[in-house]
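Here the structure is laid out as structure tokens; the discussion comes afterwards.
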Amino acid sequence: MRQRSAYVFAGLLAVPLLIAAPRLLAADRPGESATMEDQASLELGRRVQAVQEAIQNPAAPGALQAITDLGHDQRYYVMVRGWLAYQRQGDKSIIDASRGQAPEHILARVRFLDQAIRAIDLE
25 MRQRSAYVFA GLLAVPLLIA APRLLAADRP GESATMEDQA SLELGRRVQA VQEAIQNPAA
85 PGALQAITDL GHDQRYYVMV RGWLAYQRQG DKSIIDASRG QAPEHILARV RFLDQAIRAI
145 DLE
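Following this line, the structure appears as structure tokens:
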């Protein structure tokens with residue numbers, strides 16, 4: 025469980041940086057208005073939250089679409105791919121430790137993560 029917590033923590037560290045990225049990049053363009061920066065940050069934050077919700081509830085409608093929407097954007101592909109891989113690795117660790125009695129929601133999430141990784145890797 026300690027190892028899984030480390031993976032989740034590492035993934036969560038990326039979220040604030042990702043949300044702040046448009047604002048940091050916009051600082052290099054002095055003529056851009058704060059409203060455009062705020063809109064870009066807000067939109068990216070919504071997309072990141074959608075991915076987080078999809079990972080937590082893979083059976084929800086549109087879960088795979090939320091991941092592919094952000095994962096197909098080449099600016100964020102590496103972050104999304106890493107997030108999914110770390111979550112999958114943590115869940116597989118739980119499955120290995122449970123010795124054949126893994127909770128069904130963990131098994132389902134691993135199947136979903138495999139599918140999501142394939143979906144963003146193929147395009």
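Counted the way this note's numbering counts, the sequence shown spans residues 25 to 147.
For glycine and all other residues, C-beta sits at the position ideal for the given N, C-alpha and C.
**Report entry** Three CB pairs or more closer than 8 Å across the region 84-101 and the region 132-145
**Finding:** The count of Cβ pairs closer than 8 Å, one atom from the region 84-101 and one from the region 132-145, reaches three, so the stretches are in contact.
Requested in this report: For the alpha helix (DSSP H) containing Ala126, list its first residue and its last residue.
Outcome: To locate residue 126, count along the sequence shown from 1; it is residue 102. No alpha helix (DSSP H) contains Ala126, which DSSP labels as neither H nor E.
Query raised in the report: Nearest CA to the CA of Leu137: which residue from Arg112, Ala84, Ala126 and Arg70?
Result: Locating residue 137 in the sequence shown gives position 113, counting from the first residue. Measuring from the Cα of Leu137, the nearest candidate turns out to be Arg112.
**Report entry** Gly95 versus Asn81 - alpha carbon distance
**Finding:** Numbered from its first residue, the sequence shown carries residue 95 at position 71. Numbered from its first residue, the sequence shown carries residue 81 at position 57. Cα to Cα, the separation comes out at about 17 Å.
Query - Within the region 87-126, ranges of the alpha helix (DSSP H) (whole runs, at least 4 residues) - result: Correct list: 87-95 and 101-121.
Query - Neighbour flag for Ala87 against chain B, beta carbons, 9 Å - result: Protein chain content of the structure displayed is limited to a single chain, and chain B is not contained in it.
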